Amino acid sequence: MLEINQVYQGDCLDVMKQLPDNFTDVTITSPPYNMGDRVKPWLQTYKVNNKDNRNKGEYFKWIKEVITELLRINRFHIFFNIQEVVGNNGVIQYIYQEFNPFIKEVFIWAKTNPPCHIVENQCSNGYEYIFCISKDNPNSKVFNHCNFKRKDYIRNVIIKGVHRDKHGHNYAFPEWLPEYFINYFTKKGDLIFDPMCGSGTTLYVAKTRGYRYLGIDISKEYVQIAQKRLSQETLLPLDVKQEGGKGIHPTSKEVGILPKFL
Ligand SMILES: C[S@@+](CC[C@H](N)C(=O)[O-])C[C@H]1O[C@@H](n2cnc3c(N)ncnc32)[C@H](O)[C@@H]1O
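This is the structure in structure tokens:
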């Protein structure tokens, strides 16, 4: 049995098999996008064991297996961030079809500073999807497991930049991303899970907000980076520490919610 507040190295499908049903509460994750050799050499990040270059059918099958296993071990929401690129073209429609009853919400992350295009004469890809696939109240858009009220006016379009801290991972989440979902779509005491945690951004944000966490990555290097990040002393406002980390609601400015006039 795996211990919580740890990061494990391994293939997430293998490691997740060791977890019982409904063990984790909320997952926030992003898989490799099947970029293969199409990315610029300095952005080729998946250093070991994983070339991120599957045949498209195999990639879709893998995505289905991962989400199916996540639905088994996870009690509530799976926030699954993915971008459509040449190597996974059609994956958005595929996820919609395969997991339709469980798709509670689809968030669009509209980037204020999208990275430049990969090849000439191609649009810069300025948005990504974040599916909320959930066993909380299926076939409904209403969240039971959440931490906001109607007046909080949570939007499913998030306009925010790609501001990454430097932790040795080219495709790390900006910290605001797990923070947004942890703040609004969890409850105190939840176990936050990331089966492809890379440099551990989801786990780090969960830990600093006082949540339990569990992470997996296939790369030994990334697991070491995540472990180091999680071992660092973090400075939290005193009241958060005393309360056991309920988390602080960010302002609309901080989380990039659309201004009302839009
Ligand atoms: C988009 S990155 C995630 C980055 C992460 N959110 C962060 O903030 O650093 C995807 C990660 O999936 C990992 N990965 C790829 N295949 C995997 C597998 N089968 N099992 C576990 N991890 C995998 C890669 O090593 C990579 O770190």
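Numbering-wise, the numbering used here comes out as the position in the sequence shown, counting from 1, plus 1297. The beta carbon of each residue, even a glycine, is placed where N, CA and C say it ideally should be. No experiment lies behind these values; they were computed from the predicted model shown.
Item, Value
"PHE1470 beta carbon near ligand 1 (any heavy atom closer than 7 Å)", "yes"
"Collapsed DSSP secondary structure at GLY1512 in the structure displayed", "strand"
"Boundaries of the beta strand (DSSP E) in which TYR1424 is found, first to last residue", "1424–1431"
"Residue nearest to PRO1329 in terms of C-alpha spacing, selected from LYS1517, HIS1442, LYS1485 and ARG1351", "ARG1351"
"Stretch-stretch touch, CB-based, cutoff 8 Å, three pairs: the stretch 1507–1514 with the stretch 1474–1491", "yes"
"Contact set for GLY1465: own chain, Cβ-Cβ below 7 Å, skip 5 residues either direction", "SER1496 and ILE1522"
"Proximal residues to ASN1453 (C-beta, below 8 Å), its chain only, five neighbours per side dropped", "GLU1402, VAL1403, PHE1404 and ILE1405"
"Buried or exposed by the 16-neighbour rule on C-beta atoms within 10 Å, applied to SER1516", "buried"
"Endpoints, the alpha helix (DSSP H) within which GLU1472 is located", "First-last for GLU1472: undefined, no H or E at that position."
"Terminal residues of the alpha helix (DSSP H) in which GLN1521 lies", "1517–1528"
"Contact test: ILE1375 Cβ vs ligand 1 heavy atom, cutoff 7 Å", "no"
"Counted within 10 angstroms of its Cβ, other Cβ atoms place CYS1429 as buried (16 or more) or exposed", "buried"
"Contact under 8 Å by Cβ, LYS1432 with PHE1373", "yes"
"ASN1378 - partner residues in DSSP beta bridges", "ILE1427"
"Whole-angstrom C-beta distance between ILE1379 and TYR1305, which should lie under 8 Å", "In fact, because the Cβ distance is near 23 Å, the residues do not count as touching under 8 Å."
"Near ligand 3: MET1493 beta-carbon under 7 Å from a heavy atom", "The model depicted lacks ligand 3 and carries ligand 1 instead."
"Under 8 Å between C-beta atoms of LEU1367 and PRO1475", "no"
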